[in-house]
Ligand SMILES: NC(=O)c1ccc[n+]([C@@H]2O[C@H](COP(=O)([O-])OP(=O)(O)OC[C@H]3O[C@@H](n4cnc5c(N)ncnc54)[C@H](OP(=O)(O)O)[C@@H]3O)[C@@H](O)[C@H]2O)c1
């Protein structure tokens with residue numbers, strides 16, 4: 001039986017997961033591809049580390065050694081950061097190799113160039129694992145929803161921040177304490193800023209944008225807000241509306257304009273993202289024909305990520321590359337002056353001229369939390385929150401039908 005020869009660039013959590021699944025699922029791969037899948041080379045940073053790999057695999061810290069392996073077909077890249085992955089992937093493509101990557105930061109920065117490069121060299125670039133780990137969302141958007149124009153994607157794309165928000169709510173705990181638990185469990189890095197400040201979700205959203213619309217919005221036009229400032233009181237305020245606070249990445253087209261954001265928002269009980277808890281990821285896609293579809297599952301981890309990368313490998317041999325469909329819309333980001341509903345938690349100075357919809361108090365210990373629902377634009381809300389130390393504002397993008405009954409009850 002002939003072989004597909006694969007080199008792994010990176011042998012950490014993801015690289016080892018791919019290595020393991022190639023062994024455990026070899027028979028399935030052979031049955032589908034009618035070829036063996038063989039790992040023939042592994043690139044690492046430190047060759048002296050002890051590794052449990054077969055003796056006939058070339059282990060090197062030099063990319064040239066790996067790319068010179070004869071009859072290599074595919075490189076699977078799972079290194080951290082834009083470089084050296086970008087340079088290595090370019091070199092691989094120049095040698096006619098297909099590339100599968102899990103590296104979201106690299107793709108968000110260089111995806112456009114790499115897609116062009118792949119076209120130029122007649123090779124494939126696949127990246128399912130870079131967005132929402134094991135959930136097959138890229139393939140769905142690329143190969144399954146073709147007639148539909150995707151008009152909105154709303155997603156929980158970072159398992160660490162979702163774990164923190166769920167656990168704070170369940171255990172009535174403070175952010176810093178739950179972050180420490182996430183670090184102990186290995187869900188959060190020693191430096192957790194990429195996850196909790198929203199950058200990891202932002203990179204994934206930019207990859208989705210490029211896939212759907214052929215390009216990304218200007219990065220400085222995307223509202224990116226993390227979860228560092230979330231307190232248990234905010235989660236209680238959400239509960240008073242039968243809602244949960246979720247860290248949501250959104251990209252949507254409306255009126256010919258595209259708006260993208262990553263921020264904590266209130267999700268009502270009726271919405272699919274409400275029930276997404278712990279380290280899970282979830283994606284809600286709205287197609288103009290099909291309506292709303294929801295996908296949920298593991299967004300990271302060795303096996304879910306390996307699953308996505310090996311499904312990519314199969315897709316290279318089984319599925320034709322699809323051309324992206326240019327959107328008719330002019331790519332203009334919405335301005336920040338559009339009015340939206342917000343929940344303000346904390347004392348609001350009465351002098352602020354805001355369009356107040358409701359106000360109510362929630363008992364909390366010996367005191368109360370003031371909640372105010374207002375209609376305002378982003379700029380106004382930001383300037384008010386800046387002036388009031390004890391005030392936080394959260395968007396209410398969804399239809400909270402029961403709000404008046406709930407609040408007035
Ligand atoms: N972990 C997940 O669940 C997950 C899920 C989806 C996507 N991803 C993405 O997948 C990528 C890999 O993540 P990971 O968690 O597997 O990372 P990791 O555990 O830190 O492993 C990184 C690997 O890259 C190697 N490496 C680092 N710098 C290198 C260099 N300059 N040259 C060659 N090799 C180098 C390291 O070599 P040594 O072994 O010698 O140190 C290590 O084997 C990242 O881009 C991440 O965002 C991860």
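Numbering (the UniProt record's numbering), first residue to last: 1 to 409.
Just so you know, even glycine gets a beta-carbon here, dropped at the ideal spot from N, CA and C.
Predicted model, so just to flag it, every value in this text is computed and none were measured.
To which residues does DSSP link residue i through a beta bridge?
| i | result |
| --- | --- |
| residue 295 | 283 |
| residue 371 | 345 and 360 |
| residue 36 | 3 |
| residue 394 | 343 |
| residue 223 | 261 |
| residue 60 | 43 |
| residue 75 | 7 and 99 |
| residue 250 | 154 and 261 |
| residue 266 | 245 |
Specify the secondary structure class of residue i as computed by DSSP and reduced to three states.
| i | result |
| --- | --- |
| residue 103 | coil |
| residue 7 | strand |
| residue 148 | coil |
| residue 98 | strand |
| residue 257 | strand |
| residue 15 | helix |
| residue 352 | coil |
| residue 384 | helix |
| residue 377 | strand |
| residue 239 | helix |
| residue 244 | strand |
| residue 304 | helix |
| residue 176 | helix |
| residue 126 | strand |
| residue 312 | helix |
| residue 213 | helix |
| residue 81 | coil |
| residue 121 | helix |
| residue 399 | coil |
| residue 389 | coil |
| residue 20 | helix |
| residue 186 | coil |
With the cut-off set at 9 Å, would you say residue i and residue j are in Cβ contact?
| i | j | result |
| --- | --- | --- |
| residue 117 | residue 106 | no |
| residue 285 | residue 156 | no |
| residue 149 | residue 287 | yes |
| residue 283 | residue 153 | yes |
| residue 344 | residue 372 | yes |
| residue 261 | residue 224 | yes |
| residue 37 | residue 11 | no |
| residue 159 | residue 300 | yes |
| residue 60 | residue 42 | yes |
| residue 313 | residue 29 | yes |
| residue 265 | residue 239 | no |
| residue 161 | residue 111 | no |
| residue 303 | residue 17 | yes |
| residue 174 | residue 232 | yes |
| residue 98 | residue 268 | no |
| residue 19 | residue 9 | no |
| residue 63 | residue 91 | yes |
| residue 24 | residue 305 | no |
In angstroms, rounded to a whole number, what distance separates the CA positions of residue i and residue j?
| i | j | result |
| --- | --- | --- |
| residue 77 | residue 183 | 25 Å |
| residue 89 | residue 249 | 28 Å |
| residue 33 | residue 5 | 13 Å |
| residue 200 | residue 320 | 29 Å |
| residue 311 | residue 392 | 43 Å |
| residue 202 | residue 220 | 12 Å |
| residue 346 | residue 188 | 29 Å |
| residue 236 | residue 294 | 26 Å |
| residue 394 | residue 400 | 14 Å |
| residue 68 | residue 102 | 23 Å |
| residue 120 | residue 340 | 44 Å |
| residue 178 | residue 281 | 18 Å |
| residue 54 | residue 279 | 33 Å |
| residue 143 | residue 127 | 13 Å |
| residue 361 | residue 370 | 5 Å |
| residue 289 | residue 151 | 10 Å |
Within the same chain, show all residues whose beta-carbon is closer than 8 Å to that of residue i, passing over the 5 residues directly before and after it, in chain order.
| i | result |
| --- | --- |
| residue 131 | 104, 137, 138, 157, 204, 207 and 208 |
Within a Cβ cutoff of 6 Å, which residues of the same chain sit near residue i, ignoring the five residues on either side of it in sequence?
| i | result |
| --- | --- |
| residue 297 | 134 and 135 |
| residue 146 | none |
| residue 328 | For residue 328, the predicted model reports a pLDDT of 47, less than 50, meaning its position is unreliable and no value from the coordinates is stated. |
| residue 359 | 372 |
| residue 169 | 235 |
Might you give, ordered along the chain, the residues of its own chain that have their beta carbon closer than 7 Å to the beta carbon of residue i, omitting 5 neighbours on each side?
| i | result |
| --- | --- |
| residue 317 | 33 |
| residue 355 | 374, 375 and 376 |
| residue 216 | 206, 209 and 210 |
| residue 82 | 105, 106, 109 and 110 |
Under 8 Å: does the beta carbon of residue i sit that close to some heavy atom of ligand 3?
| i | result |
| --- | --- |
| residue 160 | Annotation note on ligand 3: not contained in the displayed structure, which lists ligand 1 as its ligands. |
Compare the C-beta of residue i with all C-beta atoms of chain D and state if any pair is closer than 9 Å.
| i | result |
| --- | --- |
| residue 45 | Chain labels in this structure do not include chain D; a single protein chain is all it has. |
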